[in-house]
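*Asks:* Before I ask anything, let me first share the structure, which is written out below as structure tokens.
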Amino acid sequence: SLMQDVSGITLGPAIIASFVGAVVSQILGGESLYLDKNSYLDTSITGFLYLKEIPFYIILGILAGLLGTVFSRGIIATCIFQRRLKLTLPWRIAAIGLISGLILASLPDSFHNHTALRELLGSNEANLKLSFIAFTEHFILTILAASSGAPGGFFAPSLVIGSALGQIVGIWQSNIVGIEQPTIFALAGMGAFFCAVSRAPMTAVVIIFEKTQDFRLVLPLMIVSIVALLMAEKIDDKSLSDRVLALKGLQLKKEKPANDFLSNISADEVMHTPVETLDFNLTLDKVKQKFSSSHHRGFPVVDNYGLLIGIVTQTDLADTRKRELSGDTLLKEFMTPRPMTVNTTDNLSEVLYLLHQYKLSRLPVMEGRHLVGIITDTDIIRIESEQIGKTNLGTHSQEPSYIVYQTRSPQIGNGRLLVPLSNPSTAPALLRLAGAIARQRNYELECLQVVIVPRQSSPAETVINTTKSRRLLAMAEEIAKDLKIPMHTQIRVGHDVADTILETVKERHISLILMGWKGDSSASGRIFGSIVDTLMRQAICEVIVVKWGDRSLKEQEIFQGITNANEIFEADRDNFVYDDMYSFLGWQRWLVPIRDIPTQAAAVKLLPALVSLSMKPEILLCQVLTKSVVKPNIEEMKKAAKILQRRLDTEVMATSVSASSVSTAIVDLTDAHNCDVVVIGASREGFLKQAINGNIPEAIARGCDCTVILVRTAYSERSQIPSGSV
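The numbering of the sequence shown is my numbering, which starts it at 65 and goes up by one.
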């Protein structure tokens, strides 16, 4: 009643626990509840459950479960056979009646009176031969009668068959153990066989108890019924009634409770992502600083490869004070190792059970080895509140995209980098750039080709030609193979490119999006164009947009003479060496505009991966200040340049300029230093203010003829690192 559901998972342990408790109580001298002295049982039978009898009750349950399943399948098989004969109902009844009459005529007189036979099987007068013949006769004739299609049920036959089976086991038990209680075994056999056929253990117990009015039968009935149920469900998960209805074209589906919404929501729909993690080599003092500056009460702990190895909470920090650990103690020494996790496909009912059962406040969400999110008790409360207060507004949701082609590689990375491909001429450079970032962060690559169909067409029903898309993905797989980076590919059919990419980000748990931008926008009110704008605003993961410069790809020999972008597939691939990317891109001089804290800038964090594409990189850190600022913080800039120079092992210079227009000053610096690439951060706040003040990253991207890389950090990071954007 509390669960609003009865299943084998909950009912089986409950019955077994009740049985064990009752047996222990009787062994210790507990009184049984015995209400009727004029019991159905013979007064010479004590009705007491002996320990020596328990194995025989278990054997009875096993036999009942096995034979009950054979009985059910036999009825279905003969019904199917009768249908193939295509005989009318009167002819089927006549044929089965003739066979049954001939069989009964050959049996002893005691089998001609059905009522007397049932009473005989329920008494102590039945012998082994009579019980065996009764079992075989009723077993076979009931199957034949049911196959005729005539109206009738299985209740009474199953009780008689079970009674005969119980008598056989009871007589066998009395010959071995010496406890003569065949009547109790006969009654227990009734319940066991009925349970195996109907899959209703509680009904079986109640029916036999009502027949005898003796509580002493409850224990044997419970054990044989649950054993018969488990055995029958092990062999066949459907009852005889379900199979008969299915044979008639009726399917009964189990309905879930109306308020069971937690079972319909998976962990990846609720989890918080991206996840803020801590390195296992952090000291206790730095961990305390992280907790004091964050609203989170716990963090997953990862190793050098980004793999989850533990979790640290405020409870762990409190334990460090009790253990009197020094501030230099490493996180791996006081964290909770091997934390409990859930998978992305687990539903919230399972998540809530783990949180409550083990008194946890958060659970990391894994996809294979990937740490893709985290669920807290606050997330559960939020989703419950949303579901309780949710109303049906009658809105029409857009039809989701449809995957028509996909390939998968081993999941061995710490995250996934999504590369939407559309232009074959820039795809090699974009993939090489993605490979550099993926190698530095130990990510897998996910290549996506989006095929757009009209709104009135269903993506799942529209026929498309994927030849060119597969060629493009095949080229991408060759590059990934050369880089020794796992790559997954897919072709999706959808109504909108941005929405399809966002679907992929959610389904594949993408950590970073890398995409190209042609550099113009024809839509009024748009900054970068509808696709890039949507992803910049709505994608929860990190987004990197590349606007290719005029000098980046046009000078490459492999593309000379190719007027049609699709002709890239016909070019001589032997002339293109993937390792020769230094000359392929021609990126040597880098300009990195920053705002406040150089070491925390998003663009600076990306530099180690980007400069791996340069043979002799020259990096210029630039801080543009408005004329209202009297004194620039040039010392902080020089300090950041030295740190970055040691990290990258290359020349890093720093400068600071004052100008009324930040974008104009950066464009002028690009021209003055003949820069090949400009790497800038594009904050979400810049998008919100662009209608009033203009968007600085967009103005720089349009004003520079070199390659411009825009970096927009993930949501959780942007709130903590505002200085990483221009």
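Think of the CB as a built atom: it goes at the ideal place given N, C-alpha and C, for glycine as much as any other residue.
Flag this pair as yes or no: are the beta carbons of Leu304 and Gly213 separated by less than 7 Å?
*Replies:* For this step, residue 304 is matched to residue 240 along the sequence shown. For this step, residue 213 is matched to residue 149 along the sequence shown. No, the pair does not count as a contact, with Cβ atoms beyond the cut-off.
*Asks:* Could you round the C-beta distance between Ile232 and Leu192 to whole angstroms and report it? I think they count as a contact, below 8 Å.
*Replies:* Here residue 232 refers to the residue found at position 168 of the sequence shown. Here residue 192 refers to the residue found at position 128 of the sequence shown. About 7 Å separates the two Cβ atoms, so the contact holds.
*Asks:* Give every residue of the same chain whose Cβ lies closer than 6 Å to the Cβ of His573, excluding the five residues on either side of it in the sequence, and list them in chain order.
*Replies:* Your numbering for residue 573 matches position 509 in the sequence shown. Hits under 6 Å: Glu431, Val436.
*Asks:* Please list, in chain order, all residues of the same chain as Gly234 whose beta carbon is under 6 Å from its beta carbon, the five residues on each side excluded.
*Replies:* The residue labelled residue 234 in the question sits at position 170 within the sequence shown. Only Pro246, Phe249 meet the Cβ criterion.
*Asks:* What are the partner residues of His336, as DSSP defines its beta bridges?
*Replies:* Here the question's residue 336 lines up with position 272 in the sequence shown. DSSP lists Ile438 as the beta-bridge partner residues of His336.
*Asks:* Could you give the distance in angstroms between the alpha-carbon of Pro651 and the alpha-carbon of Val514?
*Replies:* The residue given as residue 651 occupies position 587 in the sequence shown. The residue given as residue 514 occupies position 450 in the sequence shown. For the record, residue 651 in the displayed sequence is Trp; it is not Pro. Straight across, the Cα-Cα distance linking Trp651 with Val514 is about 29 Å.
*Asks:* Could you tell me whether the Cβ atoms of Leu427 and Ile439 are closer together than 7 Å?
*Replies:* Against the sequence shown, residue 427 aligns to sequence position 363. Against the sequence shown, residue 439 aligns to sequence position 375. Contact flag set, yes.
*Asks:* Which ranges would you report for the alpha helix (DSSP H) in the region 379-439 if only whole runs of at least 4 residues count?
*Replies:* 412-421
*Asks:* Using only the alpha-carbon positions, how far apart do Gln494 and Leu416 sit?
*Replies:* If you number the sequence shown from 1, residue 494 lands on position 430. If you number the sequence shown from 1, residue 416 lands on position 352. Checking the sequence shown, residue 494 turns out to be Leu, not Gln. If you take the alpha carbons of Leu494 and Leu416, they lie about 42 Å apart.
*Asks:* Assign Asn478 to buried or exposed, taking buried as 16 or more other Cβ atoms, counted over all protein chains shown, within 10 Å of its Cβ.
*Replies:* For the purposes of this step, residue 478 is identified with residue 414 of the sequence shown, where counting begins at 1. When all chains shown are included, Asn478 counts as buried.
*Asks:* Report all residues from its chain with a CB closer than 6 Å to the CB of Ala791; omit the five preceding and five following residues, and keep chain order.
*Replies:* Missing from the structure shown is residue 791; the chain here goes from 65 to 790 and no further.
*Asks:* Identify which residue in Ile528, Leu482, Val334 has its Cα closest to the Cα of Tyr507.
*Replies:* As a first step, residue 507 is located in the sequence shown; it is residue number 443 there, counting from the start. With distances taken between Cα atoms, Tyr507 lies closest to Leu482.
*Asks:* Thinking C-beta only, is Glu606 closer than 7 Å to Thr777?
*Replies:* Walking along the sequence shown from the start, residue 777 turns up at place 713. Walking along the sequence shown from the start, residue 606 turns up at place 542. Contact: yes.
*Asks:* Between the Cα of Leu671 and those of Thr408, Gly745, Val261, spot the shortest distance and give me the residue it belongs to.
*Replies:* Numbered from its first residue, the sequence shown carries residue 671 at position 607. Looking only at Thr408, Gly745, Val261, the smallest Cα-Cα distance to Leu671 is reached by Gly745.
*Asks:* According to DSSP, what are the bridge partners of Phe363?
*Replies:* In the sequence shown, the residue the question calls residue 363 occupies position 299. In DSSP, Phe363 forms a bridge with Val376.
*Asks:* Does the region 732-742 come within contact of the region 766-775, defined as at least 3 CB pairs closer than 8 Å?
*Replies:* yes
*Asks:* Decide if His434 is buried, meaning its Cβ has at least 16 other Cβ atoms within 10 Å, or exposed.
*Replies:* Translated into positions along the sequence shown, residue 434 becomes position 370. Looking at its Cβ environment, which holds 16 or more other Cβ atoms inside 10 Å, His434 is buried.
*Asks:* Are Thr400 and Gly374 close, meaning C-beta to C-beta below 7 Å?
*Replies:* Position 336 of the sequence shown, counted from the start, is the residue given in the question as residue 400. Position 310 of the sequence shown, counted from the start, is the residue given in the question as residue 374. Annotated as proximal: Thr400 and Gly374, with beta-carbon spacing under 7 Å.
*Asks:* Taking only the alpha-carbon atoms, compute the straight-line gap between Ile565 and Tyr466 and give it to the nearest angstrom.
*Replies:* Sequence index remark: in the sequence shown, residue 565 carries index 501 (1-based). Sequence index remark: in the sequence shown, residue 466 carries index 402 (1-based). If you draw a straight line from the Cα of Ile565 to the Cα of Tyr466, it comes to about 12 Å.
*Asks:* How many Å lie between Leu509 and Ile683 at the Cα?
*Replies:* Translated into positions along the sequence shown, residue 509 becomes position 445. Translated into positions along the sequence shown, residue 683 becomes position 619. For Leu509 and Ile683, the distance between alpha carbons rounds to 27 Å.
*Asks:* If you draw a straight line from the alpha carbon of Val351 to that of Asn738, how long is it in whole angstroms?
*Replies:* Here residue 351 refers to the residue found at position 287 of the sequence shown. Here residue 738 refers to the residue found at position 674 of the sequence shown. Using only the alpha carbons, I get a separation of about 43 Å.
*Asks:* Go to His552, then tell me how far its beta strand (DSSP E) extends in each direction, as first and last residue.
*Replies:* Position 488 of the sequence shown, counted from the start, is the residue given in the question as residue 552. Run containing His552: 551-558, per the beta strand (DSSP E) assignment.
*Asks:* For Gln793, report the span of its beta strand (DSSP E) as first-last.
*Replies:* Nothing about residue 793 can be read from this structure; the chain reaches only from 65 to 790.
*Asks:* So, is Leu497 buried or exposed, given that buried needs 16 or more other C-beta atoms within 10 angstroms?
*Replies:* Numbered from 1 along the sequence shown, position 433 holds the residue referred to as residue 497. That one is buried.
*Asks:* Hey, could you find the ends of the beta strand (DSSP E) Glu682 is sitting in?
*Replies:* Walking along the sequence shown from the start, residue 682 turns up at place 618. 682-689 is the span of the beta strand (DSSP E), which, as asked, contains Glu682.
*Asks:* Which first and last residues belong to the beta strand (DSSP E) in which Val656 is found?
*Replies:* The residue you call residue 656 lines up with position 592 of the sequence shown. Run containing Val656: 653-658, per the beta strand (DSSP E) assignment.
*Asks:* Which of the three DSSP states is assigned to Arg446 in this structure?
*Replies:* As a first step, residue 446 is located in the sequence shown; it is residue number 382 there, counting from the start. Reduced to three states, the DSSP call for Arg446 is helix.
*Asks:* Give the C-beta separation of Phe355 and Leu381 to the nearest angstrom, bearing in mind that I take them to be a contact with Cβ-Cβ under 8 Å.
*Replies:* Residue 355 sits at position 291 when you count from the first residue of the sequence shown. Residue 381 sits at position 317 when you count from the first residue of the sequence shown. Between Leu381 and Phe355 the Cβ distance is about 7 Å, and since that is below 8 Å, they are a contact.
*Asks:* List the whole-angstrom C-beta distance separating Leu816 from Leu127, where the pair is believed to meet the contact cut-off of C-beta under 8 Å.
*Replies:* Lying before the first or after the last residue shown, residue 816 is absent from the chain, which here runs from 65 to 790.
*Asks:* Using only alpha-carbon positions, find the residue among Pro550, Lys302, Val366, Leu185 that is nearest to Thr471.
*Replies:* Indexing the sequence shown from 1 puts residue 471 at position 407. For Thr471, the nearest C-alpha among the options comes from Pro550.
*Asks:* What residues are listed by DSSP as bridge partners for Gly745?
*Replies:* The residue you call residue 745 lines up with position 681 of the sequence shown. BP columns for Gly745 point to Val775.
*Asks:* On the three-state DSSP scale, how would you describe Met679?
*Replies:* The residue given as residue 679 occupies position 615 in the sequence shown. In this structure, DSSP gives Met679 a state outside helix and strand, which the three-state scheme calls coil.
*Asks:* Measuring CB atoms only, is the region 293-302 touching the region 330-345, in the sense that at least three cross pairs come out at less than 8 Å?
*Replies:* no
*Asks:* Taking DSSP's pairing of strands, which residues face Lys611 in a bridge?
*Replies:* What you label residue 611 is simply residue 547 of the sequence shown in a count that begins at 1. The partner list for Lys611 (beta bridge, DSSP) reads Trp581, Val772.
*Asks:* Taking only three categories from DSSP, how would you classify Ala81?
*Replies:* Working through the sequence shown from its first residue, we reach residue 81 at position 17. Here Ala81 sits in helix by DSSP.
*Asks:* Run through DSSP, which three-state label would Asp343 get?
*Replies:* By one-based count along the sequence shown, residue 343 stands at place 279. If DSSP states are grouped into helix, strand and coil, Asp343 belongs with the strands.
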